[in-house]
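Asker: If you scroll down you'll find the structure; I have some questions about it.
2 protein chains.
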Amino acid sequence: MPKQTAAHRIVLAAHPAGEPVDTDFRLETYELAEPGPGQMLLRTIYLSLDPYMRGRMNATRSYAPSVPLGGTMVGEVIAQVVQSRLEGFRPGDYVLAHCGWTTHALSDGNGVHRVDPALAPIETRLGVLGMPGFTAFAGLREIGQPRSGETVVVAAASGPVGSLVGQLAQRAGARAVGIAGGAEKCAYVRDELGFDAVIDHRAPGMARALAEACPEGVDVYFENVGGAVWQAVFPLLNTFARVPVCGVIADYNGTTANAGDLTVPALMRAVLSKRLTLRGFINYDLEQHRTAFLQELPPIVRDGSIRYAQDIVDGLENAPRAFMSMLKGGNFGKLLIRVSQPQ
Amino acid sequence: MPKQTAAHRIVLAAHPAGEPVDTDFRLETYELAEPGPGQMLLRTIYLSLDPYMRGRMNATRSYAPSVPLGGTMVGEVIAQVVQSRLEGFRPGDYVLAHCGWTTHALSDGNGVHRVDPALAPIETRLGVLGMPGFTAFAGLREIGQPRSGETVVVAAASGPVGSLVGQLAQRAGARAVGIAGGAEKCAYVRDELGFDAVIDHRAPGMARALAEACPEGVDVYFENVGGAVWQAVFPLLNTFARVPVCGVIADYNGTTANAGDLTVPALMRAVLSKRLTLRGFINYDLEQHRTAFLQELPPIVRDGSIRYAQDIVDGLENAPRAFMSMLKGGNFGKLLIRVSQPQ
């Protein structure tokens, strides 16, 4: 009988009604066969937790298929090859793969990318040099197009997308105004990331503070949160403002109530009278910017010009709680689960 | 004492509260001096009435300044030169000018364009070959970008913008679906303009009829009406749909009530998940397409490939009533006031 590997995974136990709860997830133990010809066994080192996963938990598909009930939660990981019968991959190699919330996986190499640990810390391939970083870079390059002297606003400014949006906006000569939750995050955005201004959305009078921080209005609002922040930014948008929309985390839980006074007719009147551009995108829609991203970002990450924060939680079993907390802003920087240690 | 010309004009008497009413306008008689050096006296032949004028009647500016109380209502006209002390303009010449709702005007030639009556009927410079035509052309070229096999929906389909949008979409190989009010307009859109389908928004079940007319969804919605039509089109938008927004006539009167179930959070979720592009524009934002418009449109208007309808009302004094009726869809084709006869 072939040797088997005991593995753990987290599956979707129920479609959440609103905010996810513990019982929407289930930790399972299962066994993996040895890799067959053309396969390799991967052990997860880091699992990336990202807001888009909330959409995959719904029964109805968003831009991508839902996770089926009983299916392993989807996600990108940095993994290490344990055993390989696949040409080009040897035990100890690091890879980026879509294994999901699991300790181990068998792979035929499809959709797997090599990760060179000498270029940058391996986990940055899940953050500033990975999907979140590319989301920020490509959304600004394609849609936001900040120009010198303009004002760029981004929420979740201490997070992996927002922190890069602000720093890239400043490198384009624009003012970066961040929105973050709580004094600690705000201090980080202002003092460590060097944003020109930061607003605490948990403090009273957020809309007024934002208006004061943007005395010449807002030219680019990088939308990654939705909800009350969107409604506070909207009246400040300048003529010809651009709004790349890559996330509406505040609206993911399915509440349809307005978080402010903005109505659809008023929104449409402003789209016309201010000639706004609202455009939704998913990072992989903008592959035409991948080459520039891979050329421009790694050097300025390595030399410390671009700052980033990581929030690392140990143990796959803690992924559901960390994920639920992230949806409420409980993380600080790119949220990663350290599933195992590199060997 | 110099000879004076008795003239008439219509001024803004009051800012409308909601729908404009008779008393928001006032017909005045005034006298114009003879043209001084570098001036010419113009007599209006056709005055163009357009939905954007509703926005100018408000106390608060939209994308352009409001008409002040007591000020002449703004508007484009085709006029004939009566007397000229301005080089290059001779009595009898036709010009396009921003004289407003008036029978006569003095002009120094600023913003005045010559109109050659041999190229096309002079009034087409206010319609299919003028601002409305350019709005349709440039909005499709810059934002809508219809491709072969796609579905393009436009409301006010018998109007000067909508009728051209559908015909240009078909020339690009797309299906054109029009929305119009009443059986007569619908028959015109289907039988004379040759749209692939037409929906009567006054008939019950508009949203369902529209869904049936767009079995493969909507790739381009050319937004020129807002209100209930927007809410009916919205759920049908396909992934990567483009929405050029050039008018929201149903929302101009300032009602902020939703004409349907669509909320701002739901709209933003769809912008993301379907990667929609909503972009407002005013025709003069897109001057980069003017040369192509002037090259491509006149030949196909002259040879009858492009159809258009005009709704001509005689007498400046009838302009307010015709305008108010237009806002409710009472016109049929490009609405023009024939202020005087060519001489």
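Protein sequences, first through last, are from chains A and B. Position one of the first sequence corresponds to residue 1 (full-length UniProt numbering), numbered consecutively onward. Position one of the second sequence corresponds to residue 1 (full-length UniProt numbering), numbered consecutively onward. From the three backbone atoms N, C-alpha and C, an ideal C-beta is built for every residue, glycine too. Only a predicted model underlies this, so the values are computations on that prediction, with no experimental measurement involved.
Between the Cα of residue 231 of chain B and the Cα atoms of B:153, B:207, B:38 and B:241, which residue gives the shortest distance?
Answerer: Your numbering for residue 231 of chain B matches position 231 in the second sequence. Check the Cα spacing between residue 231 of chain B and each of B:153, B:207, B:38 and B:241: the tightest is with B:207.
Asker: Within the chosen definition, does the segment 134–152 of chain B reach the segment 106–116 of chain B through at least 3 CB pairs nearer than 8 Å?
Answerer: no
Asker: For residue 147 of chain B, go through chain A and note every residue whose CB falls closer than 8 Å to its CB, in chain order.
Answerer: For this step, residue 147 of chain B is matched to residue 147 along the second sequence. By Cβ distance, chain A contributes nothing, its closest Cβ being about 17 Å from residue 147 of chain B, past 8 Å.
Asker: Just reading off the alpha helix (DSSP H) that residue 298 of chain B is part of, what are its end residues?
Answerer: One-based indexing of the second sequence puts residue 298 of chain B at position 298. For residue 298 of chain B, the enclosing alpha helix (DSSP H) begins and ends at 290–302.
Asker: Kindly indicate which residue of A:226, A:277 and A:289 has the alpha-carbon position closest to the one of residue 262 of chain A.
Answerer: Mapped onto the first sequence, residue 262 of chain A falls at position 262. It is A:226 whose Cα lies nearest to the Cα of residue 262 of chain A.
Asker: Grab the span of the alpha helix (DSSP H) containing residue 273 of chain B for me, first residue to last.
Answerer: Indexing the second sequence from 1 puts residue 273 of chain B at position 273. Counting along the chain, residue 273 of chain B sits inside the alpha helix (DSSP H) bounded by residues 264–273.
Asker: Following the continuous alpha helix (DSSP H) through residue 184 of chain A, name the residue where it begins and the one where it ends.
Answerer: As a working note, residue 184 of chain A is residue 184 in the first sequence. Taken as a continuous stretch (DSSP letters only), the alpha helix (DSSP H) holding residue 184 of chain A covers 183–187.
Asker: May I ask you to verify whether the segment 264–284 of chain A touches the segment 54–69 of chain B, counting CB pairs closer than 8 Å and requiring at least 3?
Answerer: yes
Asker: Taking any Cβ of chain B, which residues in the segment 263–275 of chain A have a Cβ under 7 Å from it, in chain order?
Answerer: So the list reads 263, 264, 265, 266, 267, 268, 269, 271, 272, 273, 274 and 275, given in the order they occur along the chain.
Asker: At a Cβ threshold of 8 Å, is residue 288 of chain B touching chain A?
Answerer: Mapped onto the second sequence, residue 288 of chain B falls at position 288. So no, residue 288 of chain B is outside the interface.
Asker: Put residue 19 of chain A into one of helix, strand or coil per three-state DSSP.
Answerer: Translated into the one-based positions of the first sequence, residue 19 of chain A becomes position 19. DSSP places residue 19 of chain A in coil when its eight states are reduced to three.
Asker: Using a 10 Å radius around the Cβ and a threshold of 16 neighbouring Cβ atoms, would you call residue 155 of chain A buried or exposed?
Answerer: In the first sequence, the residue the question calls residue 155 of chain A occupies position 155. Answer is buried; the Cβ neighbour count reaches 16.
Asker: Determine, for residue 325 of chain A, whether the minimum Cβ-Cβ distance to residues of chain B falls below 8 Å.
Answerer: If you number the first sequence from 1, residue 325 of chain A lands on position 325. Closer than 8 Å: no.
Asker: Which residues does DSSP list as the beta-bridge partners of residue 322 of chain A?
Answerer: Here residue 322 of chain A corresponds to residue number 322 of the first sequence, with the count starting at 1. None; residue 322 of chain A has no bridge partner.
Asker: Quick one: Cα of residue 10 of chain A to Cα of residue 323 of chain A, how far?
Answerer: Within the first sequence, numbered from 1, the residue matching residue 10 of chain A stands at position 10. Within the first sequence, numbered from 1, the residue matching residue 323 of chain A stands at position 323. Cα-Cα distance, rounded: 12 Å.
Asker: Tell me the residue span of the beta strand (DSSP E) that contains residue 310 of chain A.
Answerer: Taking the first sequence and counting its residues from 1, the one referred to as residue 310 of chain A is at position 310. Element bounds for residue 310 of chain A: 310–314.
Asker: For residue 219 of chain B, count neighbouring C-beta atoms within 10 Å of its own C-beta (all shown protein chains included) and say buried if the count is 16 or more, exposed if not.
Answerer: Against the second sequence, residue 219 of chain B aligns to sequence position 219. With a threshold of 16 other beta carbon atoms within 10 Å, residue 219 of chain B meets it and is buried.
Asker: What does residue 279 of chain A touch in chain B if you count any residue whose Cβ is under 8 Å from its own?
Answerer: Numbered from 1 along the first sequence, position 279 holds the residue referred to as residue 279 of chain A. Taking a Cβ-Cβ threshold of 8 Å, the residues of chain B close to residue 279 of chain A are 271, 275, 276, 277, 278 and 279, in chain order.
Asker: Could you pull out every residue in the same chain whose Cβ sits closer than 7 Å to the Cβ of residue 193 of chain A, ignoring the five residues on either side in sequence?
Answerer: As a first step, residue 193 of chain A is located in the first sequence; it is residue number 193 there, counting from the start. These residues qualify, in order along the chain: 163, 166, 167 and 307.
Asker: Rounded to a whole number of angstroms, what is the C-alpha to C-alpha distance between residue 120 of chain A and residue 69 of chain A?
Answerer: Numbered from its first residue, the first sequence carries residue 120 of chain A at position 120. Numbered from its first residue, the first sequence carries residue 69 of chain A at position 69. Whole-angstrom Cα-Cα distance: 37 Å.
Asker: DSSP beta-bridge partners for residue 40 of chain A?
Answerer: Here residue 40 of chain A is taken as the residue at index 40 of the first sequence, counted from 1. Bridge partners of residue 40 of chain A: A:84 and A:107.
Asker: Apart from the five residues on each side of it in sequence, which residues of its chain come closer than 7 Å, Cβ to Cβ, to residue 157 of chain B?
Answerer: Here residue 157 of chain B is taken as the residue at index 157 of the second sequence, counted from 1. The answer, listed in chain order, is 163, 166, 178, 179, 180, 189, 195 and 198.
Asker: Using only the alpha-carbon positions, how far apart do residue 326 of chain A and residue 335 of chain A sit?
Answerer: Taking the first sequence and counting its residues from 1, one reaches residue 326 of chain A at position 326. Taking the first sequence and counting its residues from 1, one reaches residue 335 of chain A at position 335. Approximately 8 Å, taken between the alpha carbons.
Asker: First and last residue of the beta strand (DSSP E) that includes residue 338 of chain B?
Answerer: Within the second sequence, residue 338 of chain B is the residue found at index 338, counting from 1. Taken as a continuous stretch (DSSP letters only), the beta strand (DSSP E) holding residue 338 of chain B covers 334–338.
Asker: Exposed or buried, what is residue 115 of chain B when buried is set at 16 or more other beta-carbons lying within 10 Å of its beta-carbon?
Answerer: Looking up residue 115 of chain B in the second sequence gives position 115. Its Cβ being crowded by 16 or more others within 10 Å, residue 115 of chain B is buried.
Asker: Relative to chain A, which residues along the segment 44–67 of chain B have a C-beta separation below 7 Å, given in chain order?
Answerer: 62 and 63
Asker: Under 8 Å between C-beta atoms, does residue 249 of chain A make it to chain D?
Answerer: Looking at the structure shown, chain D is missing, and the protein chains on hand are A and B.
Asker: Taking DSSP's pairing of strands, which residues face residue 30 of chain A in a bridge?
Answerer: Along the first sequence, one-based indexing puts residue 30 of chain A at 30. Per DSSP, the beta bridge partners of residue 30 of chain A are A:7.
Asker: I want to verify the contact list: residues of chain A whose CB lies under 7 Å from the CB of residue 285 of chain B, in sequence order.
Answerer: Locating residue 285 of chain B in the second sequence gives position 285, counting from the first residue. Here the neighbours are 275.
Asker: Which residues mark the beginning and the end of the alpha helix (DSSP H) in which residue 229 of chain A is found?
Answerer: In the first sequence, residue 229 of chain A corresponds to position 229, counting from 1. 227–233 is the span of the alpha helix (DSSP H), which, as asked, contains residue 229 of chain A.
Asker: Which residues in the same chain as residue 75 of chain B place their Cβ atom closer than 8 Å to its Cβ, once the five residues preceding and following it in sequence are excluded?
Answerer: The count along the second sequence starts at 1 and reaches residue 75 of chain B at position 75. Around residue 75 of chain B: 47, 48, 49, 50, 53, 98, 99, 100 and 101.
Asker: Please state whether DSSP places residue 48 of chain A in a helix, a strand or coil.
Answerer: Counting from 1 along the first sequence, the entry for residue 48 of chain A is found at position 48. Strand.
Asker: Any idea which residues DSSP pairs residue 221 of chain A with across the strands?
Answerer: As a first step, residue 221 of chain A must be located in the first sequence, where it is residue number 221. According to DSSP, which records beta bridges pairwise, residue 221 of chain A is partnered with A:153.
Asker: What residues of chain A sit near residue 245 of chain B, judged by a beta carbon separation below 9 Å?
Answerer: Here residue 245 of chain B is taken as the residue at index 245 of the second sequence, counted from 1. The answer, in chain order, is 268, 271, 272, 275 and 276.
Asker: Look at the Cβ atom of residue 35 of chain A, then the Cβ atom of residue 83 of chain A, and state whether they are nearer than 8 Å.
Answerer: What you label residue 35 of chain A is simply residue 35 of the first sequence in a count that begins at 1. What you label residue 83 of chain A is simply residue 83 of the first sequence in a count that begins at 1. Yes, these two residues count as a Cβ contact at 8 Å.
Asker: Tell me the DSSP secondary structure of residue 91 of chain B in three-state form.
Answerer: Position 91 of the second sequence holds residue 91 of chain B. Residue state, collapsed to three classes: coil.
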